[in-house]
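A.B. asks:
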Amino acid sequence: MPQISDVQHLPARSWLLRRRQLLFLARSSGGMRITRNALRQLAVLTPELLNTPGSSLLCAYVRTEKGLRIAGFSLALNYGKDACIVIVRPLYRGRRLGARLLSAQLKQLRRLTCSVAADNMSSLKTCFRAGLVAHEMTTGPTGKPTLIFHGELSQDKQTAEEGGMLCQNLS
Numbered sequence: 001m002p003q004i005s006d007v008q009h010l011p012a013r014s015w016l017l018r019r020r021q022l023l024f025l026a027r028s029s030g031g032m033r034i035t036r037n038a039l040r041q042l043a044v045l046t047p048e049l050l051n052t053p054g055s056s057l058l059c060a061y062v063r064t065e066k067g068l069r070i071a072g073f074s075l076a077l078n079y080g081k082d083a084c085i086v087i088v089r090p091l092y093r094g095r096r097l098g099a100r101l102l103s104a105q106l107k108q109l110r111r112l113t114c115s116v117a118a119d120n121m122s123s124l125k126t127c128f129r130a131g132l133v134a135h136e137m138t139t140g141p142t143g144k145p146t147l148i149f150h151g152e153l154s155q156d157k158q159t160a161e162e163g164g165m166l167c168q169n170l171s
């Protein structure tokens with residue numbers, strides 16, 4: 001089972017290597033679904049930007065014979081409004097890892113917005129499984145109809161105790 005961890009406090013040299021790995025993974029495993037703007041956001045990502053409110057980078061790691069390997073990652077900037085990226089290596093797809101990454105983002109940030117092209121069924125399923133709700137339709141950067149998903153965790157203590165992330169204030 002992949003373990004999800006937050007990527008924030010890395011030394012500069014380690015950060016540059018990690019960002020290069022994530023860019024390679026996004027280009028090789030993104031299935032031509034990642035927009036240029038999303039790749040640009042990842043390419044210029046800095047530790048300082050990750051420390052701003054509403055920003056988070058989570059990686060899912062699996063243990064292999066060669067050590068830990070990144071199975072997937074999720075990046076949210078400005079609570080997902082500036083960028084909401086989820087990438088999972090093809091080998092690890094179909095195990096709901098993308099939904100786990102988005103759920104972890106929602107849990108960490110307390111609210112999250114994601115834009116998904118209407119013809120991208122796997123990403124649509126991922127958003128729904130993570131507890132996000134489609135609340136708007138627009139035209140995306142590629143000219144395709146795009147659904148805007150939103151999720152917000154309730155601050156109500158009783159709701160959190162009864163069902164955690166499944167009980168959400170989705171107004």
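As numbered in the UniProt record's numbering, residues 1 to 171 make up the sequence shown, in order.
All C-beta atoms, glycine included, are put in the ideal place defined by N, C-alpha and C.
By a C-beta neighbour count over all protein chains shown, 10 Å radius and 16 as the cutoff for buried, is V116 buried or exposed?
C.D. replies: Classification for V116: buried.
A.B. asks: Indicate the three-state DSSP secondary structure (helix, strand or coil) for R129 in the structure shown.
C.D. replies: Correct three-state label for R129: helix.
A.B. asks: Is it the case that the CB of L147 approaches a heavy atom of the ligand MG more closely than 7 angstroms?
C.D. replies: The ligand MG is not among the ligands present in this structure, which contains no ligands whatsoever.
A.B. asks: Please state the DSSP three-state secondary structure of R69.
C.D. replies: Strand, per DSSP.
A.B. asks: Less than 8 angstroms between the CB atoms is what I'm expecting for A76 and S103, so what's the real figure, rounded?
C.D. replies: So it is not a contact: roughly 12 angstroms between Cβ atoms.
A.B. asks: Please list, in chain order, all residues of the same chain as I34 whose beta carbon is under 6 angstroms from its beta carbon, the five residues on each side excluded.
C.D. replies: If we look at I34 and ignore the five residues flanking it on each side, its Cβ neighbours are A26.
A.B. asks: How big is the Cα-Cα spacing for A118 and L124?
C.D. replies: Approximately 7 angstroms between the Cα atoms of the pair.
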